[in-house]
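First comes the structure, then the notes that go with it.
2 protein chains.
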Amino acid sequence: MPAISDKGHRMPESPIRKLVPYAEAAKARGVQVLHLNIGQPDIPTPDVALEAIRNNDLRVVEYSHSAGFASYRKGLADYYTRHGIHLTAEQVMVTTGGSEALLFGMMACFDEGDELIVPEPFYANYNGFAVAAGVKVVPVRSTIDTGFALPPIADFEQLITPRTKGILICNPGNPTGYLYGRDEMATLRDLVLKHDLYLFADEVYREFCYDGAEHVSAMTLEGLEQHVVMVDSVSKRYSMCGARVGAFVTRNAALMATVLKFAQARLSPPTFGQIASEAALRTPDSYFNEVIGEYRERRDVLVDGLNALPGVVCPKPRGAFYCVAELPVDDADAFCQWLLEHFSHEGHTVMMAPASGFYAEPGPGRRQVRLAYVLEREKLELALRVLGAALQQYANDPVPTTRVQAAR
Amino acid sequence: MPAISDKGHRMPESPIRKLVPYAEAAKARGVQVLHLNIGQPDIPTPDVALEAIRNNDLRVVEYSHSAGFASYRKGLADYYTRHGIHLTAEQVMVTTGGSEALLFGMMACFDEGDELIVPEPFYANYNGFAVAAGVKVVPVRSTIDTGFALPPIADFEQLITPRTKGILICNPGNPTGYLYGRDEMATLRDLVLKHDLYLFADEVYREFCYDGAEHVSAMTLEGLEQHVVMVDSVSKRYSMCGARVGAFVTRNAALMATVLKFAQARLSPPTFGQIASEAALRTPDSYFNEVIGEYRERRDVLVDGLNALPGVVCPKPRGAFYCVAELPVDDADAFCQWLLEHFSHEGHTVMMAPASGFYAEPGPGRRQVRLAYVLEREKLELALRVLGAALQQYANDPVPTTRVQAAR
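Those protein sequence lines, which keep their order, are chains A and B. Going by my numbering, 1640 is the number at position 341 of the first sequence; the sequence numbering is gapless. Going by my numbering, 1403 is the number at position 104 of the second sequence; the sequence numbering is gapless.
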C-alpha cells in the first residue's frame, strides 16, 4: 500500500472537527446544541443576490475567465474605491473564496521553509494553507490582557530571520474580533518596509466594525504598493459563505501576473457564485446598517453576559463577530467536550471552539474559547444561561458519569 | 520590493494563453475566430440542473460540509455504481472542480521531489498542479504513429526510480482522445502493483466514448483498492464547466481522511454548483445519447476532414472531444500565431492549441496541434476550409506582412 505524503501527515485537522462526533451524539440524545463554534452567520443573504441566481438565463454554464468576470472585477474595484481603497480592475482577481486567495498568495510569494509571522491567536486554517504551500508559520503572541492588541514591535523584530518573508494579519480579527488602529497599522507599515516583507491582510470582516470604529485597510498604507496583498471574500459580507467567491487584491503587477498562472491551472472561479456576488454589489446600504446593528447588539449581549459570569474574562471586540473568552476551567478542550458529552440545561448545551486550535502551541489558549455571535439574541441569552449553569456544575462535579456508573 | 517565489517563477503559463492577445487583435480587425483551441462545449447544460438553480429557495447561502452535500455524495456513489464502479458515499468527496481533486490528491500522496509518471502528450495543467504540489512530472512518450496508445511497459520501467510514487493517466485522454483498452489497463495494474505506486486516473470524459468502445475505469481494476485515485468532474459530462464541481474518489480510507484535511482548510465546495450537480444526476439517458451522437458526428467531420488535407495526419480518437493532428509545418506554435495574426478566409480564421504545451519538451509536439470539436458541424466544416486554405498559403508564402511592407 503506497504511503501518505509527509505533507498529508502534517496537514492539521480542523480544531473544531474533533468535537463534531460529540455534538452529533448529543443531538441523537435529544439535546439541542447551540452552535457558538462556527462563523456561519444566520443573517439572510441579500435578496438582490438570490434573485440574480433565480433569474439567471444561462443555457451553458461556461468557464469564466480565470481571473473572474471582467464586469465583476470592475464592480469590485469600484466598491473598494468607494470605501477609500483606490483600485483598478486589474488589481483585483476573483478567487474561489478567500481561502484560495490565501493559498495562491502564499505559493506565489513564499518558498518551502520561508517564514511568515502571524499574530496569535489566529484563524486555524492559516496553518493548513501554510502546510500546503510549505511555509513556516511563526506566531507572535498577543494576549487577552491587552484585548489581543498588536504585539510590541520588539516581539516582531526578535522573530525576524533571513527566512522571514512576510507578515499575515486578520483585521478585524478571527478569532479575537480585535480591530487594529491607525497607529498599529503604521507600526506594521514601518516594519514591513524596513525588512522588505510582504504584508498579507485578511480583511474579510472589513464591514463589521462597531462603536464608530474606523477600519484601516492595509491597502491604504503609503509606500506599500508592492508589499501588500489583501484577501477578501463575499462569505461574511453578504452572508454567502457557500458562494465560494473571494478576491486576491494587490497593486504589485508582477505578483498579480504570477497568481494568475495559479488561477489558470484551476481554470476559473465558480460561475453561479460570481453571478450572485456581482449582483450583491447592488445591496442597499440599509442592509449593512441593519446587519451591523444586529451584530453589535449580539456582541453586547454575549460579551457583557460572559463577563457577568464568575471567573470569565472576555475583552469586548470592535470588529468581526467573534470573541475569545478565558474561562475558570483548567482545560477548555476538555470542558467543551464535557459540555457536549455530559451536560444539558433547559434541554440545551453549547458548542464552542477551544482556543488551543488558534495558537501554535496549546499552552496559552488552554483556558480560552472562541465564541461566534452568529445566532439571534434570544439564543445567545439562552446560551449564556446554559454556560453559566455548566461552569457552576463543572466546578463542583465535572464528571457526572461517575454518578451514573455508581448508580448502576 | 519583495521577491516572487521560485515556485511562482516555475509555475507554467497556460500554453494557450500566449495566443489570446493575437486572437483579440484578430477580432478587433473584424476577423471571426473559430475556437478549436479550448474544451468549452457549446452543448446546453441539462434543463434539470438549470431549473434546480432557478428554483432554489435558499435564504442563507451557507457553507456545505467540507466533503460536499451528503445527499450528493450518495447520489454520485449510486451513479458510479450504476456504471459498474461500485462505491459508497464515503469513498466520494466533492471538490471544487476536477482541478482541486488533482491538487488535493497530489498533496496528500506526494512530497517535494517525488516523481509522477505521465504519458505524454498530457493535459497541460497537470504541470501546474505538480509545481504547486512540488511534484516532479516524468513524461513517458506516446506517439502519433500508434494513435497515442499506452507506451510499452519497458518505457515505464526504465523511468521508475526510488522517488517514483505514482502514475497519472487521463482516460479518455485530453489532448489525444485516446481510450485505453482492457489490456492496457491490465498492464498499468500490474505495473502499479509491482512497484506499489498510486494510480491517478482522470476520468472526466468517461461518458464520451464512441463506436461502441467500452470505458474501463481504473476503479474497476482488481487488487488496486488502496492504489487508485479517480478524478472526476461535472464540467464536461453536463456541459457545466462553470459550476466548479468535481470529485475525489478512492477506496483508500487513510488517503480519503488525509484529503479531507485539505478540504476542511478551504471550508467547502460551491453550494450553487452542488445544487446543479445533484439535480444533474436526474439527467435523462436521452440527453447523453444525443450528446454522444453529436460529438461522434463532429469527430468524424473534423478528423476525416483533417486527414483529407494534404500532409495532415490525425488518428481517429475513440473518446473525449479532442484530437491531436500533425501538420505539414515546421513549427505549429508559429503557424497558430500566423493564423491569428496574418490570415483569414471567408472572413474567418482558426484558433488551435499548439501541442508543444502538452509535452514536457517542445520537440515531439513541434508540428502538432490539439483541436477540440466542441463547435457545431457547420462551423467545423468552415474551420476545415479555412485551415486547408491557410496551409496552402503558408506553404507558398508564410509571411504576407513582407508583401505589406514591400508595398509601403
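The beta-carbon is built from N, C-alpha and C at its ideal position, and this holds for glycine as well.
Comparing the C-beta of residue 1366 (chain A) with each C-beta of chain B, is any distance below 8 Å?
As a first step, residue 1366 (chain A) must be located in the first sequence, where it is residue number 67. Output row for residue 1366 (chain A): interface = no.
Quick check on residue 1521 (chain A): buried or exposed, where buried means 16 or more other Cβ atoms within 10 Å of its Cβ?
Position 222 of the first sequence, counted from the start, is the residue given in the question as residue 1521 (chain A). Its Cβ having fewer than 16 others within 10 Å, residue 1521 (chain A) is exposed.
By the DSSP assignment, the beta strand (DSSP E) with residue 1669 (chain B) in it spans what residues?
Reading the second sequence from its first residue, position 370 is the one you call residue 1669 (chain B). Residues 1667-1671.
With 16 as the cutoff for other CB atoms within 10 Å, does residue 1589 (chain A) come out buried or exposed?
Against the first sequence, residue 1589 (chain A) aligns to sequence position 290. Classification for residue 1589 (chain A): exposed.
Cut-off 7 Å between Cβ atoms - residues of its own chain near residue 1701 (chain B), not counting five sequence neighbours on either side:
Translated into positions along the second sequence, residue 1701 (chain B) becomes position 402. Residue confidence for residue 1701 (chain B) is low, a pLDDT of 43 falling below 50, so the modelled location carries little weight; the figure read from the coordinates is stated next. Here the set comprises nothing.
Have a look at the DSSP bridge pairing and note the partners of residue 1625 (chain A).
As a first step, residue 1625 (chain A) must be located in the first sequence, where it is residue number 326. Partner(s): A:1612, A:1667.
Through-space distance from residue 1619 (chain A) to residue 1518 (chain A), alpha-carbon basis:
In the first sequence, the residue the question calls residue 1518 (chain A) occupies position 219. In the first sequence, the residue the question calls residue 1619 (chain A) occupies position 320. In a straight line, the C-alpha of residue 1518 (chain A) is about 19 Å away from that of residue 1619 (chain A).
Of all Cβ atoms in chain A, is any one closer than 8 Å to the Cβ of residue 1455 (chain B)?
For this step, residue 1455 (chain B) is matched to residue 156 along the second sequence. Cβ-Cβ to chain A under 8 Å: no for residue 1455 (chain B).
Can you list the residues of chain B that residue 1392 (chain A) reaches, using a CB-CB cut of under 7 Å?
Stepping through the first sequence from its first residue, residue 1392 (chain A) is reached at position 93. Those do not exist, as residue 1392 (chain A) stays about 14 Å from chain B at its closest Cβ, beyond 7 Å.
Let's test the definition: count the other Cβ atoms within 10 Å of the Cβ of residue 1549 (chain B) and tell me whether it reaches 16, buried, or not, exposed.
Indexing the second sequence from 1 puts residue 1549 (chain B) at position 250. By the neighbour-count rule (16 or more Cβ atoms within 10 Å), residue 1549 (chain B) is buried.
Is the beta carbon of residue 1367 (chain B) less than 8 Å from the beta carbon of residue 1568 (chain B)?
Position 68 of the second sequence, counting from 1, holds the residue named residue 1367 (chain B). Position 269 of the second sequence, counting from 1, holds the residue named residue 1568 (chain B). In this structure, residue 1568 (chain B) lies closer than 8 Å to residue 1367 (chain B) by Cβ.
If you reduce the DSSP assignment to three classes, tell me which class residue 1416 (chain A) lands in.
Here residue 1416 (chain A) refers to the residue found at position 117 when the first sequence is read from its first residue. Strand at residue 1416 (chain A).
With H, G and I counted as helix, E and B as strand and the rest as coil, what does DSSP make of residue 1688 (chain B)?
Looking up residue 1688 (chain B) in the second sequence gives position 389. Residue 1688 (chain B) falls in the helix class under three-state DSSP.
Can you pull the DSSP bridge partners for residue 1333 (chain A)?
Your numbering for residue 1333 (chain A) matches position 34 in the first sequence. According to DSSP, which records beta bridges pairwise, residue 1333 (chain A) is partnered with A:1649.
Can you give me the C-alpha to C-alpha distance between residue 1504 (chain A) and residue 1472 (chain A), rounded to a whole angstrom?
As a first step, residue 1504 (chain A) is located in the first sequence; it is residue number 205 there, counting from the start. As a first step, residue 1472 (chain A) is located in the first sequence; it is residue number 173 there, counting from the start. Distance between the alpha carbons of residue 1504 (chain A) and residue 1472 (chain A) is about 8 Å.
Rounding to the nearest angstrom, what Cα-Cα distance links residue 1417 (chain B) and residue 1513 (chain A) in this structure?
Taking the second sequence and counting its residues from 1, one reaches residue 1417 (chain B) at position 118. Taking the first sequence and counting its residues from 1, one reaches residue 1513 (chain A) at position 214. Cα-Cα distance, rounded: 53 Å.
Going along chain A, which residues have a C-beta under 8 Å from residue 1361 (chain B)?
Residue mapping note: residue 1361 (chain B) aligns to position 62 of the second sequence, counting from 1. Here the neighbours are 1339, 1540, 1541.
Taking the C-alpha atoms as reference points, what is the distance between residue 1643 (chain A) and residue 1324 (chain A)?
Looking up residue 1643 (chain A) in the first sequence gives position 344. Looking up residue 1324 (chain A) in the first sequence gives position 25. One C-alpha to the other measures close to 13 Å.
Please check if any C-beta of chain B sits within less than 8 Å of the C-beta of residue 1311 (chain A).
Looking up residue 1311 (chain A) in the first sequence gives position 12. Chain B, which has a Cβ nearer than 8 Å to the Cβ of residue 1311 (chain A), makes this yes.
Can you give me the Cβ contacts of residue 1673 (chain A) inside the same chain, cut-off strictly under 7 Å, excluding the 5 residues immediately before and after it?
Reading the first sequence from its first residue, position 374 is the one you call residue 1673 (chain A). Taken in chain order, the residues that qualify are 1338, 1339, 1340, 1341, 1620.
Could you check what DSSP says for residue 1500 (chain A) in three-state terms: helix, strand or coil?
Within the first sequence, numbered from 1, the residue matching residue 1500 (chain A) stands at position 201. Looking at residue 1500 (chain A) - three-state DSSP - the assignment turns out to be strand.
Compile a chain-ordered list of the residues in the segment 1400-1430 of chain A whose CB is closer than 7 Å to at least one CB of chain B.
Using a CB distance below 7 Å, the part of the segment 1400-1430 of chain A facing chain B consists of 1406, 1407, 1408, 1409, 1410, 1411, 1424, 1427, 1428, ordered along the chain.
Every unbroken beta strand (DSSP E) within the segment 1496-1568 of chain A, with a cutoff of 3 residues, ordered by chain:
1497-1501, 1527-1532, 1545-1549
Give me the Cα-Cα distance between residue 1439 (chain B) and residue 1331 (chain B), rounded to the nearest whole angstrom.
By 1-based counting over the second sequence, the position of residue 1439 (chain B) is 140. By 1-based counting over the second sequence, the position of residue 1331 (chain B) is 32. The C-alpha of residue 1439 (chain B) lies about 38 Å from the C-alpha of residue 1331 (chain B).
When the Cα of residue 1465 (chain A) is compared with those of A:1658, A:1492, A:1306, A:1559, which residue comes out closest?
By one-based count along the first sequence, residue 1465 (chain A) stands at place 166. With distances taken between Cα atoms, residue 1465 (chain A) lies closest to A:1492.
Near-chain B residues of the segment 1564-1586 of chain A (beta-carbon distance less than 9 Å), N- to C-terminal order:
1564, 1565, 1566, 1567, 1568, 1569, 1570, 1571, 1572, 1573, 1574, 1575
Alpha-carbon spacing of residue 1543 (chain A) relative to residue 1592 (chain B), whole angstroms
Here residue 1543 (chain A) refers to the residue found at position 244 of the first sequence. Here residue 1592 (chain B) refers to the residue found at position 293 of the second sequence. Distance between residue 1543 (chain A) and residue 1592 (chain B), taken at the CA atoms: about 35 Å.
In whole angstroms, give me the CA-to-CA distance for residue 1308 (chain B) and residue 1474 (chain B).
Here residue 1308 (chain B) is taken as the residue at index 9 of the second sequence, counted from 1. Here residue 1474 (chain B) is taken as the residue at index 175 of the second sequence, counted from 1. When rounded, the distance between both Cα atoms is 25 Å.
Assigned exposure category for residue 1360 (chain A) - 16 Cβ within 10 Å defines buried:
Working through the first sequence from its first residue, we reach residue 1360 (chain A) at position 61. Flag for residue 1360 (chain A) reads buried.
Would the segment 1441-1450 of chain B and the segment 1606-1626 of chain B be scored as touching if the rule is three or more Cβ pairs under 8 Å?
yes
Near residue 1704 (chain A), which residues of its chain fall below 8 Å by C-beta distance, leaving aside the five closest residues on each side in sequence?
As a working mapping, residue 1704 (chain A) is identified with position 405 in the first sequence. Caution is warranted here: a pLDDT of 41 is assigned to residue 1704 (chain A), below 50, making its placement in the model unreliable, and the coordinate value is therefore given only provisionally. Once the five neighbours on either side are set aside, residue 1704 (chain A) has no close Cβ partner at all.
Using a Cβ-Cβ cutoff of less than 7 Å, which residues in the same chain neighbour residue 1351 (chain A) once the five nearest sequence positions on both sides are dropped?
Sequence index remark: in the first sequence, residue 1351 (chain A) carries index 52 (1-based). So the list reads 1574, 1575, 1578, once near-sequence residues are dropped.
Residue 1301 (chain A) touches chain B at which residues, Cβ-Cβ below 8 Å?
Residue numbering aside, residue 1301 (chain A) sits at position 2 when the first sequence is read from its first letter. Residues of chain B passing the Cβ test: 1408, 1464, 1465, 1495, 1496, 1497, 1525, 1526.
Which residue comes first and which comes last in the beta strand (DSSP E) that contains residue 1467 (chain A)?
Walking along the first sequence from the start, residue 1467 (chain A) turns up at place 168. Residues 1463-1469.
So is residue 1358 (chain B) in contact with chain A if we call contact Cβ pairs under 8 Å?
As a working note, residue 1358 (chain B) is residue 59 in the second sequence. Output row for residue 1358 (chain B): interface = yes.
Status (buried if at least 16 other CB within 10 Å, exposed otherwise) for residue 1731 (chain A)
Examination of residue 1731 (chain A) is not possible in this model, given that chain A is present from 1300 through 1707 alone.
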